[in-house]
Structure formats: structure tokens, C-alpha cells
């Protein structure tokens, strides 16, 4: 049964594609899945992430700091700067340009761990980078977002901070505590939590795409191109920054995936809750679809081309549980 749940969770990109396709043609079906439901769903997803983490996932940074620091710094420099540039370059309507910036300032998502696993990357490195960037997001995401967009489109400055704490930090901390003090319960939850996270993220993305269908059609090429180039930039520059810094192809590919994939669910929640225009959430929903698609293609290519012995010699892969 556990392997069945795991295999279903590993099909994350397929579920997102199916969910978006369904909501595109039948947008009214998920009409009720909005507002607080989106917030609660992301909180539950982050709780599942927290249950999968241990304190060692945070202390690994002291054992092999270079690849982790490259990945985390890349997450909060490459993506935000690219997001700001693309919004201006394509002259997107203000709400959509702000939405691109919001999602670009988010930490790495849980999906990056799934894709790293599929790509035979360094899973310990991926998990550690996600954990560190997630904790830092309580400061980095609101600060970078407000710095790059100012108070445009009715931004709620304090709300950005409080929402990040409520839907990311608190659930993750609760999950870590459950993992530490109720290990038997945590082990049972770990069996189903990845699949639950996949289902909830799919519902979040599909509902936002369905409700914003007209805006997507109007913006069309420029909006999709912006989101596509945002993630291509993260994958590309994340890869080369890590390779030049570590000389390891496995580290480079793992960092590439981590930087290229955002916590789009968080971007959607922050956009929905803290900006007066609902269109700000559209880029985050498209982002989840696009980075899953690109990540799936890369995972398929890299899975066949990574030498197994190089993965075994990766700096922190020995720390895998």
C-alpha cells in the first residue's frame, strides 16, 4: 500500500496537468474551492512537509555548506530578479506583473524533492535546501516582494508576513515536532502525506486557473512566456552556479531543480490574501503547471544520464535516512 501511495505521488506533474486541463474546460466544478480552502490546503501541505523533516535536515548546512548556500542564495536572487525583469520586459498588466514577482520570491516547493528523486539527484541536498529556504521565507518572501513591487495593486504588507508564518512556518514546525515526539504516528502520516500534498496543490492550481481563465486568454502569449522563462532561468542559472561552485554534476542538477521550482501554492495564497486584484494569483497557478512540466522533462533526461557512482560520492547524500 505504501508503495502505491508513493508511486501515485511521483506522478505529481501528471496530476497537475490533468487538474488544469479539467478546470480549463469545466471551471465551475471547482468554483467553491477558493478563499480559506486554498489557505487551509496549503497549510496542510506544509504540515506534511514538516512531518517528513528532521532536525538533521537543518544542521546539514554546517557539514556541507557550499551547495546548500548556492541553492538558497540562488533561490532568493536569480528568481526574484528574473521575475521583476520579465514583468517589465513583456509589459504585463500590473496585477500579472506583480503576480510574477510574488511567485518568484517564494521558497522552493515540495515538488522539487519529488523531481530530484525522479532525476536521481541528491535527495538529501534537495530536502535540506527546501527546508532552509522555507524557514527563511518568513522574512525573504515578504521583504523581496515589497521591495520589488512596492505598494502597487493594493499590497497588504503586514499580511504577507503573517500569512507566511501561518501557512508555512507554523505548520512546518508542528510537523517537525510531531515527527520528533510522536514517531509512530508520524510514520503512518508519511505514507499518505506526499499524495495528499499532490492532490491539494493540484486543486489549488486548478481552481485558480479555472476562475482566471479569461485573464489567461487575454494575456496569452506574454503571460505564459514570462512564467516559462522565469523557470527556465532558475533551472539554467541554478545549474551553472552550482556546477562552477562545486564541480559536481549531481549537485548542479539538484540545485537547478530546487531553484527552478517554486512553492507556487504559497505564491497563490499570498497573492489571493494580500492583493486587492484577484488576477495577481494567476501567474502562481500557471507557475505550478509550467515548472512541473519542465521539471518532468529534465528528470526524464537526467535520470538516464547521471552516473550512479557520482551520486554516491555527492557531498551530503550519505546523510539520507
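In the working numbering, the protein residues as written are 177 to 497.
We put the CB at the ideal spot given by N, CA and C, even for glycine.
Proximity of residue 294 and residue 479 at Cβ, strictly below 9 Å: Judged by their CB atoms, residue 294 and residue 479 are nearer to each other than the 9 Å cut-off.
Bridge partner(s) assigned by DSSP for residue 284: Its beta-bridge partners are 438.
Cβ-based burial, residue 434 [other Cβ within 10 Å; buried from 16]: Taking a 10 Å sphere around the C-beta of residue 434, we find 16 or more other C-beta atoms and assign the residue as buried.
Extent of the continuous alpha helix (DSSP H) to which residue 459 belongs: Where residue 459 is concerned, the enclosing alpha helix (DSSP H) starts and stops at 458 to 481.
Euclidean distance between Cα positions of residue 318 and residue 222: Taking the straight line from one Cα to the other gives about 18 Å.
Where the alpha helix (DSSP H) containing residue 355 begins and where it ends: DSSP places residue 355 in the uninterrupted alpha helix (DSSP H) bounded by 346 to 357.
Check: residue 379 C-beta below 8 Å from any heavy atom of the ligand GDP: Inclusion of the ligand GDP in the displayed structure is not the case, the ligand content being empty and no account of it being possible.
Span separating the alpha-carbon of residue 404 from that of residue 316: Whole-angstrom Cα-Cα distance: 23 Å.
Exposed unless 16 or more other CB atoms sit within 10 angstroms - verdict on residue 378: Looking at its Cβ environment, which holds 16 or more other Cβ atoms inside 10 Å, residue 378 is buried.
Span separating the alpha-carbon of residue 208 from that of residue 195: About 15 Å.
Classification of residue 235 by the beta-carbon crowding that lies within 10 angstroms, buried from 16 upward: Classification of residue 235: exposed, given that the 10 Å Cβ count is below 16.
Residue range of the alpha helix (DSSP H) that includes residue 389: Looking at the DSSP string, the run of the alpha helix (DSSP H) that includes residue 389 is 389 to 422.
Cβ pair residue 205, residue 386 closer than 9 Å: In contact: residue 205 and residue 386 (Cβ atoms closer than 9 Å).
Outcome for residue 473 when other beta-carbon atoms lying within 10 angstroms are tallied against a minimum of 16: It is exposed - the Cβ of residue 473 has fewer than 16 other Cβ atoms within 10 Å.
Unbroken alpha helix (DSSP H) run spanning residue 242, endpoints: Note, residue 242: alpha helix (DSSP H), 241 to 251.
Three or more C-beta pairs below 8 Å linking the stretch 216 to 232 and the stretch 336 to 350: Two segments are said to touch when three or more pairs of C-beta atoms, one from each, lie closer than 8 Å; by this definition the stretch 216 to 232 touches the stretch 336 to 350.
Cα-Cα separation, residue 476 to residue 243: Distance between the alpha carbons of residue 476 and residue 243: 23 Å.
Straight-line Cα distance separating residue 400 from residue 364: Approximately 39 Å between the Cα atoms of the pair.
Distance between residue 231 and residue 427 (C-alpha atoms, nearest Å): Residue 427 and residue 231: Cα-Cα distance of roughly 22 Å.
Cβ distance (whole Å) where residue 281 is taken to contact residue 340 below 8 Å: About 10 Å; that fails the 8 Å criterion.
Per-residue burial, residue 212 [other beta carbons within 10 Å of its own, 16 or more giving buried]: With a 10 Å radius around the Cβ and a threshold of 16 neighbouring Cβ atoms, residue 212 comes out exposed.
Selection from 240, 268 and 346 that minimises the alpha carbon distance to residue 391: A check of alpha carbon separations from residue 391 across 240, 268 and 346 identifies 268 as the nearest.
Sub-9 Å separation of residue 309 and residue 247 beta-carbons: In this structure, residue 247 lies closer than 9 Å to residue 309 by Cβ.
First through last residue of the alpha helix (DSSP H) which encompasses residue 455: Unbroken run through residue 455: none, as it is neither H nor E.
Integer Cβ distance of residue 445 from residue 274, believed to fall under 8 Å: Taking the Cβ atoms as the reference, residue 445 lies roughly 15 Å from residue 274, outside the contact range of under 8 Å.
Whole-angstrom C-beta distance between residue 464 and residue 278, which should lie under 8 Å: Between residue 464 and residue 278 the Cβ distance is about 13 Å, and since that is not below 8 Å, they are no contact.
Reference residue 200, options 188, 471 and 462, closest by Cα: Comparing Cα positions, the closest option is 462.
Distance between beta carbons of residue 307 and residue 229, contact taken as under 8 Å: About 6 Å separates the CB atoms of residue 229 and residue 307; that is less than 8 Å, so the two are in contact.
Cβ-Cβ separation, residue 255 to residue 410 (assumed contact under 8 Å), whole Å: Separation of the CB atoms of residue 410 and residue 255 is rounded to 5 Å, and the pair is thereby assigned contact status at 8 Å.
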